[in-house]
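Undergrad:
2 protein chains.
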Amino acid sequence: MGVIERGFFVERAGDRIPGILWAPDEAVGPVPLVLIGHGGQSEKRNPNGLALARHFVRRHGIAAAAIDAVDHGERGPIAAIEDPAGHPDYIALWKRPDTFDRMNGDWKATLDDLLGTGLFDAKRVGYWGLSMGTMLGLPFVASEPRIRAAVLGLCGFAGPSAVRGRFGPRHRIDAPNVTCPVLFMVQWDDERFDRDGAFELFGALGAKDKRMHVHPGLHGELSVEASAATREFLAGRLT
Amino acid sequence: MGVIERGFFVERAGDRIPGILWAPDEAVGPVPLVLIGHGGQSEKRNPNGLALARHFVRRHGIAAAAIDAVDHGERGPIAAIEDPAGHPDYIALWKRPDTFDRMNGDWKATLDDLLGTGLFDAKRVGYWGLSMGTMLGLPFVASEPRIRAAVLGLCGFAGPSAVRGRFGPRHRIDAPNVTCPVLFMVQWDDERFDRDGAFELFGALGAKDKRMHVHPGLHGELSVEASAATREFLAGRLT
Numbered sequence: 035m036g037v038i039e040r041g042f043f044v045e046r047a048g049d050r051i052p053g054i055l056w057a058p059d060e061a062v063g064p065v066p067l068v069l070i071g072h073g074g075q076s077e078k079r080n081p082n083g084l085a086l087a088r089h090f091v092r093r094h095g096i097a098a099a100a101i102d103a104v105d106h107g108e109r110g111p112i113a114a115i116e117d118p119a120g121h122p123d124y125i126a127l128w129k130r131p132d133t134f135d136r137m138n139g140d141w142k143a144t145l146d147d148l149l150g151t152g153l154f155d156a157k158r159v160g161y162w163g164l165s166m167g168t169m170l171g172l173p174f175v176a177s178e179p180r181i182r183a184a185v186l187g188l189c190g191f192a193g194p195s196a197v198r199g200r201f202g203p204r205h206r207i208d209a210p211n212v213t214c215p216v217l218f219m220v221q222w223d224d225e226r227f228d229r230d231g232a233f234e235l236f237g238a239l240g241a242k243d244k245r246m247h248v249h250p251g252l253h254g255e256l257s258v259e260a261s262a263a264t265r266e267f268l269a270g271r272l273t
Numbered sequence: 035m036g037v038i039e040r041g042f043f044v045e046r047a048g049d050r051i052p053g054i055l056w057a058p059d060e061a062v063g064p065v066p067l068v069l070i071g072h073g074g075q076s077e078k079r080n081p082n083g084l085a086l087a088r089h090f091v092r093r094h095g096i097a098a099a100a101i102d103a104v105d106h107g108e109r110g111p112i113a114a115i116e117d118p119a120g121h122p123d124y125i126a127l128w129k130r131p132d133t134f135d136r137m138n139g140d141w142k143a144t145l146d147d148l149l150g151t152g153l154f155d156a157k158r159v160g161y162w163g164l165s166m167g168t169m170l171g172l173p174f175v176a177s178e179p180r181i182r183a184a185v186l187g188l189c190g191f192a193g194p195s196a197v198r199g200r201f202g203p204r205h206r207i208d209a210p211n212v213t214c215p216v217l218f219m220v221q222w223d224d225e226r227f228d229r230d231g232a233f234e235l236f237g238a239l240g241a242k243d244k245r246m247h248v249h250p251g252l253h254g255e256l257s258v259e260a261s262a263a264t265r266e267f268l269a270g271r272l273t
């Protein structure tokens, strides 16, 4: 099955949110849809996300869509950089009180627009987001009943990337409201989010139907096996 | 594919070890083999083990074999009982200094005999054992290079079922010597082995190629999904 890629924009509250859609070129009728939340200091069309989206289409017949997170990619100064301490604008993002609600609104408007096309099955929508894709995606999944299954993880309540308000207070409130089936991924040697804090986050998720896969490796070393399991999980729930 | 079930006995050091073999009825040439270690206060032909063995044969073309553990089933007074405090002979089993080495010897002799038939591929042998199947099976896997992949878990260094020498000193020594690929299973709400001690055991395993799957539920509540994952893992390594 071939992959059609096209850009789109979502207009919301004065914002113009850029996105990319990957869809099968031979779809007959509405197909399932997975929203992909990218990682921190990255953008909607990053190499891993691109490969993931194409696999969703080619191997599972599932469309995928990604948007630039607030201040990332085409929306601002934060792009792919190697500085582990963080871009100043990235640090600032987590100090602003409206970051989570803006992102929730952006995703909801994106989903509204995508479902409005009639190309996707509104009852078969999933979310995939690790690391910042969980930091910003967990509040979205918690508040959006149209998300029927989610892949979350590489994230938790402790570690260098959890500090300074980036992860914690809002997520403690929202985690019990994540009630759709969840696959939660942990890297045993994660240097950005401590494993104990990741386990605590898994425990806090409200979903009865949840499972956690743990693999050796650093934060950025998600294995082929682990990545495939995330796709298989969503495919199993949405197709 | 149909399943042939037949009993066998292994003679070793004056012991007569009873076992059961489940094999495909249509095998052409040597097939992979999985050794199944049963749980505590159970025996070689228990309902879960029987279903697992049949699934290995029917769905994967993999033969399975189980033996009664020391003092269990046909080998002694310990059988399936509901007493969570433990049969007195079960408690005594863990106080005897030779329990682990006896079981290692029993499994090695069983594997010798089974491979001697020529029915199985000596390069595609796996081990599957949870709970007591890990308590007794981990030392075996650590010492037996013919085991190419193992499913372990529902076990760890803490909790009511780990105390009194049942689990700990021997396993701390042996865990780093488990170097074959491992899938380690944890029940998040395990009332017999604390999850923290299970995580510690996972961390202690020497295998570089290891992964841990964690599901909600009590010790005895392994889900259909979790059980299927254990089969798929061994099938992926042995076929």
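As they're listed, the protein sequences go chains C and D. Everything in the first sequence is counted per our numbering, starting at 35 for the first residue and increasing by one. Everything in the second sequence is counted per our numbering, starting at 35 for the first residue and increasing by one. Just so it is clear, CB atoms sit at the ideal spot from N, CA and C, and this is done for glycine as well.
Can you say whether Ile181 (chain D) is buried or exposed, counting buried as having 16 or more other CB atoms within 10 angstroms of its CB?
TA: buried
Undergrad: Check whether the region 173 to 193 of chain D touches the region 50 to 58 of chain D, counting contact only when three or more Cβ pairs, one atom from each stretch, lie closer than 8 Å.
TA: no
Undergrad: Hey, does Gly237 (chain D) have any beta-carbon neighbour from chain C nearer than 9 Å?
TA: yes
Undergrad: Quick check on Gln260 (chain C): buried or exposed, where buried means 16 or more other Cβ atoms within 10 Å of its Cβ?
TA: Per the sequence shown, residue 260 (chain C) should be read as Ala rather than Gln. Buried, by the Cβ-count rule.
Undergrad: Where do the ends of the alpha helix (DSSP H) carrying Ile96 (chain C) lie?
TA: Looking at the DSSP string, Ile96 (chain C) is not in any alpha helix (DSSP H), and its letter there is neither H nor E.
Undergrad: Using only CA atoms, which one of D:Arg204, D:Gly163, D:Asp102 lies nearest to Trp128 (chain D)?
TA: D:Arg204
Undergrad: At a cut of 8 Å, does the region 169 to 177 of chain D reach the region 195 to 212 of chain D through at least three beta carbon pairs?
TA: yes
Undergrad: Distance, Cα to Cα, Ala156 (chain C) vs Val175 (chain C)?
TA: Taking the straight line joining both Cα atoms gives about 15 Å.
Undergrad: Distance cutoff 9 Å, beta carbons only. Does His249 (chain C) sit that close to anything in chain D?
TA: yes
Undergrad: Short of 6 Å in beta carbon distance, which residues of its chain neighbour Ala232 (chain C), apart from the five on each side in sequence? Order them along the chain.
TA: Gly190, Val220
Undergrad: Which complete beta strand (DSSP E) runs does the region 104 to 166 of chain D hold, if anything under 3 residues is left out?
TA: 154 to 163
Undergrad: Over the uninterrupted alpha helix (DSSP H) stretch that includes Pro203 (chain C), give me the two end residues.
TA: 203 to 208
Undergrad: Kindly say whether Met35 (chain D), judged by its beta-carbon, lies nearer than 9 Å to any beta-carbon of chain C.
TA: no
Undergrad: For Lys242 (chain D), go through chain C and note every residue whose CB falls closer than 8 Å to its CB, in chain order.
TA: Pro250
Undergrad: Using a Cβ-Cβ cut-off of 9 Å, state whether Met169 (chain C) counts as contacting chain D.
TA: no
Undergrad: Just reading off the beta strand (DSSP E) that Asp49 (chain C) is part of, what are its end residues?
TA: 49 to 58
Undergrad: Please list the partners that Met246 (chain D) has in chain C, where partner means a Cβ-to-Cβ separation under 9 Å.
TA: The contacting residues are Val220, Trp222, Met246, His247, Val248, His249.
Undergrad: Could you give the first and the last residue of the continuous alpha helix (DSSP H) run that contains Arg271 (chain C)?
TA: 258 to 272
Undergrad: Measuring alpha carbon to alpha carbon, tell me which residue in C:Thr273, C:Ile54, C:Leu67, C:Phe43 is nearest Gly160 (chain C).
TA: C:Leu67
Undergrad: Exposed or buried, which one is Arg50 (chain C) when buried takes at least 16 other CB atoms within 10 Å?
TA: exposed
Undergrad: Can you grab the Cα-Cα spacing for the pair Glu45 (chain D) / Glu77 (chain D), in whole Å?
TA: Near 18 Å, if we compare the C-alpha coordinates of Glu77 (chain D) and Glu45 (chain D).
Undergrad: Mind checking which residues open and close the alpha helix (DSSP H) that includes Glu234 (chain C)?
TA: Where Glu234 (chain C) is concerned, the enclosing alpha helix (DSSP H) stretches over 229 to 238.
Undergrad: The alpha helix (DSSP H) spanning Phe174 (chain D) covers which residue range?
TA: That run of the alpha helix (DSSP H) goes 171 to 177.
Undergrad: Is the CB of Ala184 (chain D) under 9 Å away from at least one CB in chain C?
TA: no
Undergrad: Distance check for Ala241 (chain C) and Leu188 (chain D), CA to CA, integer angstroms please.
TA: 22 Å
Undergrad: If you draw a straight line from the C-alpha of Leu239 (chain C) to the C-alpha of Asn211 (chain C), how long is it?
TA: 7 Å
Undergrad: According to DSSP, Glu77 (chain D) sits in a beta bridge with which residue or residues?
TA: DSSP lists no partner for Glu77 (chain D).
Undergrad: In its own chain, which residues sit with a C-beta less than 6 Å from the C-beta of Asp102 (chain D), not counting the 5 before and 5 after it?
TA: Cβ neighbours of Asp102 (chain D) beyond the five flanking positions: Pro52, Glu77, Lys78, Glu108, Arg109.
Undergrad: When the Cα atoms are used, what is the spatial distance from Val258 (chain D) to Arg93 (chain C)?
TA: 24 Å
Undergrad: Going by other Cβ atoms of all chains shown within 10 Å of its Cβ, with 16 needed for buried, is Leu148 (chain C) buried or exposed?
TA: Per the 10 Å Cβ criterion, buried.
Undergrad: By the 10 Å Cβ neighbour count, where 16 or more other Cβ atoms means buried, how is Asp135 (chain C) classified, buried or exposed?
TA: exposed
Undergrad: Tell me whether the beta-carbon of Ala99 (chain C) lies closer than 9 Å to the beta-carbon of Leu69 (chain C).
TA: Yes.
Undergrad: Compare the Cα-Cα distances from Glu255 (chain D) to each of D:Phe43, D:Glu234, D:Ala269, D:Glu225 and report the closest residue.
TA: D:Glu225
Undergrad: Using a threshold of 9 Å, state whether the C-beta atoms of Val104 (chain C) and Val37 (chain C) are closer than that.
TA: In this structure, Val37 (chain C) does not lie closer than 9 Å to Val104 (chain C) by Cβ.
Undergrad: Check whether the Cβ of Ala260 (chain C) lies closer than 9 Å to any Cβ atom in chain D.
TA: yes
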